[in-house]
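Structure first, then comments.
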Amino acid sequence: MPNLSFPSSLESISCSRLEEIRSKGHEMVRSAHELSKWVGLSDFVFEQGLKHPKWLEAANERKEELLDYSEALKPALAEVRDERQLWSCIRQFRNRHMLSIACLDLINQQDIETSLKAVSDLSDALILQTYHWLYQHLCDKYGAPVGENGPLSMMILGMGKLGGRELNFSSDIDLIFLYPEQGILTGGRKEREYSWFFTKLAQSLINALDQITADGRVFRVDMRLRPYGESGPLVMHFDAFENYLQEQGRDWERFAMVKARVLNEPCSYRDEVESLLRPFIYRKYLDFSSIEALRRMKNLITQEVRRRRLTNNIKLGAGGIREAEFIVQSLQLINGGKQASLRKKGLLESLAEIQRLKLMPSADCDNLRESYLFLRKVEHCLQQFADQQTQTLPDIELGQDRLAYVMSFESYPLFLRELEMKMACVNKLFGELIGEEEPEPESEISAELESLWLLDLEDEEAISVLQAYVSNEELEALWQAVKHFKQDAKSRVHLGRGKDILDKLMPQVFCHLFQQYQLLNEQEGLSCASLFERICLVMKSIIRRTAYLELMHVNQGVTLQLIKLCYASAWIAEQIAKFPMLLDELLNPQSLYHTLERHEYDDELRLSLLRVPSDDDEQQMEALRQFKLGQQLKVAAADVTGVLPVMRVSDHLTYLAEAILAQVVEDAWHQMVAKYGTPAGADLVDKAFGVIAYGKLGGIELGYGSDLDLVFVYQLEPNAFTDGEKSVENRTFYIKLAQRILHLFNTRTHSSLLYEVDMRLRPAGNSGLLVCHANTYAEYLQQEAWTWEHQALARSRVVYGDKNITNTLSDIRREILTTERESETLINDVVSMRQKMREHLSQDKPGTFDIKQGEGGLVDIEFLVQFWVLQHANKYPDICRWSDNVRILESLSQQKLISEQEADLLTEAYLAYRHKGHKLTLAGESLHVFDDELEQWRSPVAQLWKRTLRIGS
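Here is the structure:
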């Protein structure tokens, strides 16, 4: 596989799925990177891997092409005692090896030809070995059918791709059953005709392969290609089969029989069947009548595609797999009567012979082969994603990203471009063969959408236009939204370039809106009117800003991304409306959904600031805000598209805040040094200044719109002086430094403030100094701090500072947290503080649950974690190593201070609450849900809270 990066849209799915497998207690020793790819790319691989992790472990042994499936299956079938066990055995065998084939294919460890052969060989083995087991089972029960030369076998004809040994991954199998001789069974309790025995055998085989159990099915079995179709006998005698071919066989059946292959092991009966087929398929003369038959079949297929509205179908569409097959089969039928070498089953081997015989130009053969293999690879991929029989291209982003990646393309549009070229090639060759003109392209929808914007349509006229795009229930609301925006636009934009661009842009917006709405709203979601109103929020903010209108008009991808993001999040729509410069971030979708590595935030911020004059404080502050908004949008985009799980969202928001905080401190430091000089004992590297983060930043759990809980500390001699012309005491310098930091954060520019900064957790709270000495900080925590301040300390960490002050502050934290505490006093303090918070902050309303402050909510979990840290850290100091709740819970469980079940409950609940909180924030809603929505976590958490803190006992 080319060195492609794994699609960001699949990362969170892959990681969460691999984690789910591991959460079941399965230890995976293989590369997590490789395993996560498999489970992220294929629902089938994930589901099978979840049930059978050992299969997943063995999947990358890469020996499928060397395996004799029949020999591998025989020992397992030898242990089978009844049909129930048989069904289970063959399904598990099928799933295990299909998983292996899929894993090899998904990371391109085998070519498509090898994969097709592997699937075909596996199918042959499953069909034949199941047949042999059932045959013996029925013989034991009813006696064996015997002919002149010994036991009689039922001949199994594999049709289509199974016959050609080019079976796709999740295919039905077309079979025809034949038996050679008539006779009477004599081994059972009563006499029965051979036809009864073979019909019973065929029924048992179909059921064994086709019936769905807990393990799924082996194959969908299609018997409709047998003589007389569904009205014909399930099994036919050789003579009857021959008579049918001679007397009633139709042209399309000749095409079908080209690939017919007897699956049974070599025997005289197999040769006899092939001798029956040969004269029916191949005529002794050049048979150009097949071309007319081909035209008729093609017309029928085209009508079927149109009737069933099969769009993006790589099998039946123009230039699809079926046309490629028709090309080769036609040349086989025309020439196969005289050229025995053309009587092959597989398309590829037949095409090679066509090329050798120069029945097609060599270049055309090469192009057809390449296009066919490309299409078969696409088909294989589509079916491997969910083990479903489909040839339709995905219409959702997840499926598109999967397909583009497995097909080795950097993006889905690039894949589509190549696919279109391949299908155009096949269609051209097909048209040349049958003399068919290419159909005219369908008319586009832009004209009526232009009228929707440019003309003053009556309500009925407008609704008739909209009917083609939305459901009847949405028509009125959508038209009212469109009409109101048109009226608003007319009042704000009159003549000139801006109006001209808007008139060109809005039909594009409508076009993308309706296309994307149909794709995005397959599940219950936002109404089209609500989506349009969110888009209008942005449009109104830029309606007089021609540059942004032009940006959207010239770069339609911006409009497309805007629609997707507005659909996903009201918060994002509001952000873009407030800060239209964010539209620039939509220019490059790959960049938009790509989040930075931790260290890259510092690098990117530095590059952003290099474009701004260093002595222009106002522009520097604006650049900081724009950087924050842009990166925050990228995180949100990755969040709403499922690229990032909740913990990774918080990680990235935390990385962003830390990078900005470091830059703000650096800027403030340089500004203060320029004014007052450097404090005595400090230098550019060792500022003797540290920033402690509490709360969400301290816990690496930052959310959208979170404020920063900070405490500033220094550790130089307070009474020493700076070395500047305007010298001040060190303590004064650090106070002014803190003031400057807050100014840089809190000043409102065009792009708002940078972050809300909360300093109330500093010693003495709002009455204390903005910055304190490290000794003062330690003394306060030891002698004056309340229990709740020690609780908050459990969720704190140093986020800025040199090594010396970082070590000092970390030691202070550890010393305070590991102080021995009296249990009853601790319980009373924790319960009392929680009750005060609930009384003052909880906003529970009847029928709703406050995710943060409600009983059994986020804060209850945080208080429990903090209580356990303060209770046990004296004897188990390792539990205060981390500042985030998830890892603290893990540490508590590892030390056996809480049960594994309790840790799992609180972790799952905490992540579920945070995930829901992120979603509500992005939807522009408060942190309230219906009373029963999170009940599966709320009640158990509340019970654990009461039990742990002895409430009610």
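Each residue of the sequence shown is one higher than the one before, starting from 540 at the first, in the numbering used here. All residues carry an ideal CB built from backbone N, CA and C; glycine is no exception.
From Asn-1305 to Leu-1461, what distance separates their C-alpha atoms?
32 Å
Residues of its chain near Gln-868, where Cβ-Cβ distance is below 7 Å and the 5 sequence neighbours each way are ignored:
Phe-794, Val-797
Could you pull out every unbroken alpha helix (DSSP H) segment of at least 4 residues lying fully inside the segment 715-756, listed in chain order?
733-749
Between which two residues does the beta strand (DSSP E) holding Lys-953 run?
For the sequence presented, residue 953 should be read as Leu rather than Lys. Note, Leu-953: premise wrong, no beta strand (DSSP E); alpha helix (DSSP H) at 951-973.
Return the first residue and the last residue of the alpha helix (DSSP H) that Ile-695 is part of.
Segment 694-697 is the beta strand (DSSP E) holding Ile-695; no alpha helix (DSSP H) there.
Kindly confirm or deny that the segment 1353-1370 and the segment 1401-1414 touch, where touching means at least three C-beta pairs closer than 8 Å.
With the cut-off at 8 Å, the segment 1353-1370 and the segment 1401-1414 touch.
What whole-angstrom Cβ distance do Leu-667 and Ser-609 have, given they're in contact under 8 Å?
7 Å
Look up Arg-809 in the DSSP assignment and say whether it is helix, strand or coil.
helix
Starting from the C-beta of Glu-892, find all residues in its chain whose C-beta is less than 6 Å away, skip the five residues before and the five after it, and write them out in chain order.
Around Glu-892: Ser-880, Leu-881.
Cβ distance (whole Å) where Ser-947 is taken to contact Leu-543 below 8 Å
6 Å
Kindly provide the ranges of any alpha helix (DSSP H) runs that are 4 or more residues long and lie completely inside the segment 581-649, ordered along the chain.
582-590, 592-597, 608-617, 622-645
For Met-775, name the three-state secondary structure that DSSP assigns.
In the structure shown, Met-775 sits in a strand (DSSP, three-state: E or B).
Could you name the residues of the same chain whose beta carbon sits closer than 8 Å to that of Ala-1219, not counting the 5 residues immediately before and after it, in chain order?
Counting only Cβ-Cβ distances below 8 Å, and skipping sequence neighbours, we find Leu-1255, Glu-1256, Ala-1259, Phe-1260, Thr-1261, Asp-1262, Asn-1269.
Cβ of Phe-1500 within 8 Å of Cβ of Gln-939?
Nothing about residue 1500 can be reported from this structure: the residues present for the chain run from 540 to 1492 only.
Distance CB(Leu-1276)-CB(Phe-1228) smaller than 8 Å
Note that the C-beta distance between Leu-1276 and Phe-1228 is below 8 Å.
Proximity below 8 Å, CB of Thr-1085 to CB of Arg-1031
no
Is Glu-1136 helix, strand or coil by DSSP?
In the structure shown, Glu-1136 sits in coil (DSSP, three-state: anything other than H, G, I, E or B).
Under 8 Å between C-beta atoms of Ala-1442 and Leu-1431:
yes
Three-state secondary structure (DSSP) at Gly-1229?
strand
Since Arg-1336 is in the beta strand (DSSP E), which residue starts that stretch and which ends it?
Following the DSSP letters along the chain, one finds Arg-1336 inside the beta strand (DSSP E) bounded by residues 1336-1339.
From the DSSP output, in three-state form, read off Ile-1239 for me.
coil
Cα-Cα separation, Cys-678 to Ser-814
28 Å
Give the DSSP-derived three-state secondary structure of Gly-1216 in the structure shown.
coil
Just mark Ser-659 as buried or exposed, buried being the case when its beta carbon has 16 or more other beta carbons within 10 Å.
Of the other Cβ atoms in all chains shown, 16 or more fall within 10 Å of the Cβ of Ser-659; this residue is therefore buried.
Say whether the segment 1108-1128 touches the segment 1164-1182, bearing in mind that this needs 3 or more beta-carbon pairs closer than 8 Å, one atom from each stretch.
The way I'd put it, the segment 1108-1128 does touch the segment 1164-1182; three or more beta-carbon pairs between them come closer than 8 Å.
Nearest to Leu-714 (by Cα), restricted to the options Leu-942, Tyr-1316, Asn-803, Thr-931:
Asn-803
Rounding to the nearest angstrom, what Cα-Cα distance links Leu-1014 and Asn-851 in this structure?
Rounded to whole angstroms, Leu-1014 and Asn-851 show a C-alpha spacing of 28 Å.
Cα-Cα separation, Ser-734 to Leu-773:
10 Å
What whole-angstrom Cβ distance do Tyr-1233 and Val-1250 have, given they're in contact under 8 Å?
7 Å
Cα-Cα separation between Ala-1324 and Ile-1355, rounded to whole angstroms:
10 Å
Would you identify the three-state DSSP class for Asp-1262, choosing helix, strand or coil?
Asp-1262 falls in the coil class under three-state DSSP.
For Glu-559, which residues in the same chain have their Cβ closer than 7 Å to its Cβ, ignoring the five residues on either side in sequence?
Leu-589
Segments assigned beta strand (DSSP E), at least 3 residues, entirely inside the segment 1064-1120:
none
Secondary structure, alpha helix (DSSP H): runs of 4+ residues fully inside the segment 1387-1472:
1397-1411, 1424-1433, 1439-1461
Measuring straight from C-alpha to C-alpha, what distance separates Val-965 and Arg-915?
13 Å
Measure the Cβ-Cβ separation of Ala-1201 and Tyr-1294 and say whether it is below 8 Å.
no
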